[in-house]
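One structure below.
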Amino acid sequence: MGQLKLLALDPDDLAVISAHVQDARVETGDIVWRQAEKRLVVGLHRLDWEQTLSGDPIPGRLIAALRFDRVLACKSRNIDIGAPETSLELIGIEFYPAQEAPAGSVVLMFSRGGMLRLDIECLECALTDLGPDHLGTGDPPEDLGGLA
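Letter 4 of the sequence shown, counting from 1, is numbered 3 in numbering that gives the first Met the number 0, and no numbers are missing.
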């Protein structure tokens, strides 16, 4: 099965990415806000939904990077960025348009009430698989493959 590389430029595209990252494991240390670059990168261990749909009874995980560009602000709630080894589970991603299109907000929802809200100029999101997580331990990726 090939590695995914998806780009979202509208809410429908973002819904597809959200489906692929549902139940992904994220450590707070793998959430990187690069304010000067207007970019947020999240390293994650997502379920290999294609493998699951093909009938494999034990779903594997893939190491992936989720990137948002043109981010004006990033705010968190119920996420302790000071505890980099805290594990979160990504529930989904939603887009809320602003009155002035194409601006809006993207909300990443995590287990236990954690949230990230991104105020964006326009929707520009990419999901890129970096490789299989052979250990399945959810250990953070060593390198985000130059995507950060």
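Here a beta-carbon is modelled for each residue, glycine too, at the ideal position from N, C-alpha and C.
Here Cys121 is exposed. Its C-beta has fewer than 16 other C-beta atoms within 10 Å.
The secondary-structure analysis by DSSP pairs Leu3 with nothing; it has no beta-bridge partner. By the C-beta criterion, the region 10-18 is judged not to be in contact with the region 27-42, since fewer than 3 inter-stretch pairs fall below 8 Å. Every beta strand (DSSP E) stretch that sits fully inside the region 61-115 and reaches 3 residues is listed by chain position as 70-76, 86-96 and 103-109. Apart from sequence neighbours up to five positions away, the residues of its chain that approach Leu107 with a beta-carbon distance below 6 Å are Ile92 and Leu115, ordered along the chain. Look at Gly54 here: in three-state DSSP terms it is coil, with no helix or strand label. The beta carbons of Leu5 and Leu89 sit no closer together than 8 Å.
In the DSSP annotation of this structure, the continuous segment of the beta strand (DSSP E) that includes Leu39 starts and ends at Arg38 to Leu46. The continuous alpha helix (DSSP H) containing Leu13 extends over residues Pro10 to Val20. Counting along the chain, the unbroken beta strand (DSSP E) around Leu129 starts and ends at Cys124 to Pro131. Inclusion of Ile78 and Thr27 in the CB contact set at 8 Å is warranted, their separation being smaller than that value. Ranked by how close their Cα comes to the Cα of Gln2, the residues Asp118, His19 and Gly54 have His19 in first place. Short of 7 Å from the beta carbon of Glu84, and not among the five residues preceding or following it, lie these beta carbons of its own chain, in chain order: Glu26 and Gly28.
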